[in-house]
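Going down the list, the sequences are from chains A and B. Numbering of the first sequence is given in UniProt numbering, commencing with residue 1 and proceeding in unit increments. Numbering of the second sequence is given in UniProt numbering, commencing with residue 1 and proceeding in unit increments. Report on the structure given below.
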Amino acid sequence: MKTIKTLLLGLGLTALAPLTQAAESGFTLETVDPEADRKALQEFYQNRFPGVPLEEYVNGIYAIDPPSREQWDALMEFPPYEFDLEEGQVLFETPFANGKSYADCFENGGIGIRQNYPYWNKEEGTVKTLEQEINECREQNGEKPLKWKKGAIAQISAYMAWTSRDNVIDIKIPEDDPRALQAYLDGKQFFYAKRGQLNLSCANCHLQGSRRLIRADLPGPMLGQPTHFPVYRSKWGEIGTLHRRYEGCHRDSRSVPLPPQSEEFRKLEYFQTYMSNGLVVNGPGARK
Amino acid sequence: MRRLTTLMCVATAATALSGPVAAASQDEMIELGRDVFHDKTRGNCISCHSIDDPVANLPGNQGPMMVAMKQRFPDKRKLRAQVWDATVANPLSIMPPIGKHWILSEEEIDAVVEYIYQY
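Now the structure itself:
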């Protein structure tokens, strides 16, 4: 039992003191600098994979690994998400029982707004994601919320991303509310903290380990990860949301995943998407 | 945290049940070590390290190839310590702390060390 306690203590400590890696500014509110983080991350990959233009990072592993790229180019001749896009548009445009529709809930009728999500909501004091607001829109109009990880919610989100293609991602961390920077910092800590029985951080695989084989798996770069979500993944055989993918990556480190749309996952998405500022929306995407 | 504790307890129980292999011959140890190294549900070392054994299938390249182990680790105890907890040498290591997190039993660690020590 003593060993168990020591072990747990050890785990706790690791979580509290996320270890610094190549590409970041600091882990306290005093030192953290999101813009410096974003630049450092870009620099990290440009040194690691010289010659790959920044705008290519929206394509994940296919930006940096030519053999995978070739297979992907073949896959993209008939993008596997086409059906979901059409379905998403129908769902988006079909009025609710009360006659209203999604367009009534969002800015600009919900068209071309993906680049602003997730965002810090000052009134609610929390990070809001697009999927979350899709479900809130339903509930405000007397409809049942959708399941978070796949199916209709991913299809609607895919359609909304598609209407925003090529818009530049523009995540803001409002300076008039220090809780926003804290949310960013929490997301960043989450990304760098080791977890699970295998003691792996997201950074272990997606910074240090990117384009290095873990058996037949090749982790891609973290820069640009959220740009193309939701994603049709051949392994899933269907379309799924970013938080579904977070869940899968937790399993890879043998740790218990948090629920989709949990506060921690929304903060992680906030951090990750801020890192992708300056890249364009290219969702929905397709992955092996 | 509760779930983690449960997981850990299950892990110990499994370790305890797997029993002592003290009486195993060197050959048996090496056979066990080979299983541990290549089996996805055990050490899964092959997912990050390649090794010159015909059974090796889709080796990863996160870590160095398992060669010249005797030259790199004249002291076998140091090799065992590296396998038991790679974060001592490198806190950022992607290599899981195999012993510290009870991924393998102590016997399995001995066995995998014997196995790689031949290369």
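Cβ coordinates follow ideal geometry from the N, Cα and C atoms, glycine included. None of these values were measured; they are calculated from a predicted model.
Using the rule of at least 16 other Cβ atoms within 10 Å of the residue's Cβ for burial, across every protein chain shown, is residue i buried or exposed?
i	result
residue 318 (chain A)	What the structure shows of chain A is the stretch from 1 to 288, and residue 318 (chain A) is not part of that stretch, so it cannot be assessed.
Thr31 (chain A)	exposed
Leu58 (chain B)	exposed
Thr94 (chain A)	exposed
Val36 (chain B)	buried
Asn98 (chain A)	exposed
Lys267 (chain A)	buried
Lys188 (chain A)	buried
Thr28 (chain A)	exposed
Gln41 (chain B)	It is Thr, not Gln, that sits at residue 41 (chain B) in the sequence shown. Thr41 (chain B) is exposed by the Cβ-count criterion.
Met222 (chain A)	buried
Met275 (chain A)	buried
Pro50 (chain A)	exposed
Pro230 (chain A)	buried
Asn108 (chain A)	exposed
Arg77 (chain B)	exposed
Pro96 (chain B)	buried
Ala111 (chain B)	buried
Among the options, which residue has its Cα nearest to the Cα of residue i?
i	options	result
Arg233 (chain A)	A:Gly99, A:Gln46, A:Glu43, A:Gly283	A:Gly283
Tyr270 (chain A)	A:Ala161, A:Glu238, A:Phe191	A:Phe191
Thr87 (chain B)	B:Lys70, B:Val36, B:His101, B:Arg77	B:His101
Glu136 (chain A)	A:Gly209, A:Asp104, A:Ile113	A:Asp104
Val113 (chain B)	B:Met66, B:Asn57, B:Pro96, B:Asp39	B:Met66
Thr227 (chain A)	A:Gly285, A:Asp33, A:Phe78	A:Gly285
Arg245 (chain A)	A:Lys150, A:Asn199, A:Ala216	A:Lys150
Pro91 (chain B)	A:Gly110, A:Asp65, A:Ala193, A:Ala152	A:Ala193
Asn167 (chain A)	A:Val281, A:Gly125, A:Glu55, A:Phe49	A:Val281
Leu218 (chain A)	A:His206, A:Gln225, A:Glu263	A:His206
Asn61 (chain B)	B:Arg72, B:Ser47, B:Asp53	B:Ser47
Gly110 (chain A)	A:Val256, A:Pro178, A:Ile156, A:Phe27	A:Ile156
Pro145 (chain A)	A:Ala216, A:Cys249, A:Gly187, A:Tyr102	A:Tyr102
Ile113 (chain A)	A:Arg165, A:Cys249, A:Gly220, A:Trp148	A:Arg165
Asn235 (chain A)	A:Arg287, A:Cys202, A:Phe229	Inspection of the sequence shows that residue 235 (chain A) is occupied by Lys rather than by Asn. It is A:Arg287.
Ile169 (chain A)	A:Tyr119, A:Ser262, A:Ala158, A:Asp177	A:Tyr119
Asp177 (chain A)	A:Gly60, A:Gln208, A:Gly125	A:Gly125
Ile64 (chain A)	A:Ala74, A:Glu77, A:Phe78, A:Tyr45	A:Tyr45
Asn199 (chain A)	B:Asp53, B:Ser93, B:Leu104	B:Ser93
residue 321 (chain A)	A:Pro260, A:His243, A:Gly237	An answer regarding residue 321 (chain A) cannot be provided, because it is not within the stretch 1 to 288 covered by chain A.
Ile134 (chain A)	A:Met275, A:Leu279, A:Thr273, A:Thr241	A:Thr241
Arg48 (chain A)	A:Arg212, A:Asp252, A:Ser201, A:Phe27	A:Arg212
His243 (chain A)	A:Pro260, A:Ser25, A:Ile171, A:Val52	A:Pro260
residue 120 (chain B)	B:Gly33, B:Glu28, B:Gln26	Because chain B is modelled from 1 through 119, residue 120 (chain B) falls outside the range shown and cannot be assessed.
Ile239 (chain A)	A:Pro257, A:Lys39, A:Tyr81	A:Tyr81
Glu87 (chain A)	A:Ala183, A:Met160, A:Cys249	A:Met160
Leu85 (chain A)	A:Lys128, A:Thr163, A:Leu130, A:Ser255	A:Thr163
Val83 (chain B)	B:Ser25, B:Val55, B:Asn44, B:Glu31	B:Asn44
Asn204 (chain A)	A:Gly60, A:Gln71, A:Ser253	A:Ser253
Phe92 (chain A)	A:Ala158, A:Asp33, A:Val58, A:Tyr117	A:Ala158
Give the secondary structure of residue i by DSSP, where H, G and I count as helix, E and B as strand, and everything else as coil.
i	result
Trp120 (chain A)	strand
Glu28 (chain B)	helix
Arg211 (chain A)	coil
Glu107 (chain B)	helix
Arg254 (chain A)	coil
Gly187 (chain A)	helix
Glu238 (chain A)	strand
Asp176 (chain A)	coil
Lys100 (chain B)	coil
Lys2 (chain A)	Its pLDDT being 34, under 50, Lys2 (chain A) is placed unreliably in this model, and the coordinates cannot settle the point.
Ser25 (chain A)	coil
Glu30 (chain A)	coil
residue 125 (chain B)	Here chain B covers residues 1 to 119 and nothing more, so residue 125 (chain B) does not appear.
Phe265 (chain A)	helix
Pro56 (chain A)	The question names Pro, but residue 56 (chain A) in the sequence shown is Glu. Glu56 (chain A) falls in the helix class under three-state DSSP.
Asp75 (chain B)	coil
Pro79 (chain A)	coil
Phe49 (chain A)	coil
Val113 (chain B)	helix
Asp73 (chain A)	helix
Tyr274 (chain A)	helix
Arg80 (chain B)	helix
Met95 (chain B)	coil
Ala63 (chain A)	helix
Gly248 (chain A)	helix
With DSSP as the reference, please indicate the residues paired to residue i in a beta bridge.
i	result
Leu200 (chain A)	A:Arg195
Asp217 (chain A)	A:Ile214
Val280 (chain A)	A:Val168
Val231 (chain A)	A:Gly240, A:Gly285
Below 8 Å on C-beta distance, what does residue i contact in chain E?
i	result
Gln62 (chain B)	The chain inventory of the structure shown lacks chain E, comprising the protein chains A and B.
Point to revise | 3 or more residues per run - each beta strand (DSSP E) lying fully within the segment 34-65 of chain B | key: none
Check your understanding: Can you list the beta strand (DSSP E) stretches of 3 or more residues lying completely in the UniProt domain "Cytochrome c" (87-167) of chain A, in chain order?
Key -> 119-121, 126-128
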